[in-house]
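Please read the structure below before turning to the comments.
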Amino acid sequence: ICTQFLEAENIPVLAWPAYSPDMSPFEHVWDALDRRIQQRVPVPANIRQLHTAIEEEYTNIPQATINNLINS
Numbered sequence: 164i165c166t167q168f169l170e171a172e173n174i175p176v177l178a179w180p181a182y183s184p185d186m187s188p189f190e191h192v193w194d195a196l197d198r199r200i201q202q203r204v205p206v207p208a209n210i211r212q213l214h215t216a217i218e219e220e221y222t223n224i225p226q227a228t229i230n231n232l233i234n235s
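FYI, the numbering for the sequence shown is 164 to 235, going by the working numbering.
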């Protein structure tokens with residue numbers, strides 16, 4: 164319906180592949196990062212601590228693990 168309307172109104176559109184967050188190749192990395200952060204003692208209590216924790220934990224994930232998670 165939307166496509167027909169745009170065509171009828173001569174509105175140019177770009178071809179864009181369908182996107183779903185469930186299909187994001189980086190989603191598994193975020194899941195692994197979340198698990199690592201949840202295991203920290205103490206759990207980050209504010210945004211600054213969370214930012215630091217994310218940087219530290221991401222740096223500690225081996226590149227081979229990140230590659231495997233992205234390709235899974």
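The beta carbon of each residue, even a glycine, is placed where N, CA and C say it ideally should be. These numbers come from a predicted model, not from an experiment.
For V176, three-class secondary structure by DSSP
Position 13 of the sequence shown, counting from 1, holds the residue named residue 176. If DSSP states are grouped into helix, strand and coil, V176 belongs with coil.
Please work out which residues of its chain come closer than 6 angstroms, Cβ to Cβ, to I229, disregarding the five sequence neighbours upstream and downstream, and give them in chain order.
Counting from 1 along the sequence shown, the entry for residue 229 is found at position 66. Correct list, in chain order: V192.
Give me the Cα-Cα distance between E170 and L177, rounded to the nearest whole angstrom.
As a first step, residue 170 must be located in the sequence shown, where it is residue number 7. As a first step, residue 177 must be located in the sequence shown, where it is residue number 14. Taking the straight line joining both Cα atoms gives about 12 angstroms.
DSSP three-state label for R198, please.
Along the sequence shown, one-based indexing puts residue 198 at 35. Annotated three-state conformation of R198 is helix, per DSSP.
Contact belief for P269 with L213 at Cβ below 8 angstroms, rounded distance in angstroms
Beyond the ends of the chain as shown, which are 164 and 235, falls residue 269; an answer cannot be given.
Output the boundary residues of the alpha helix (DSSP H) element that contains R203.
By 1-based counting over the sequence shown, the position of residue 203 is 40. Membership of R203 in any alpha helix (DSSP H) is not indicated, and neither H nor E is assigned to it by DSSP.
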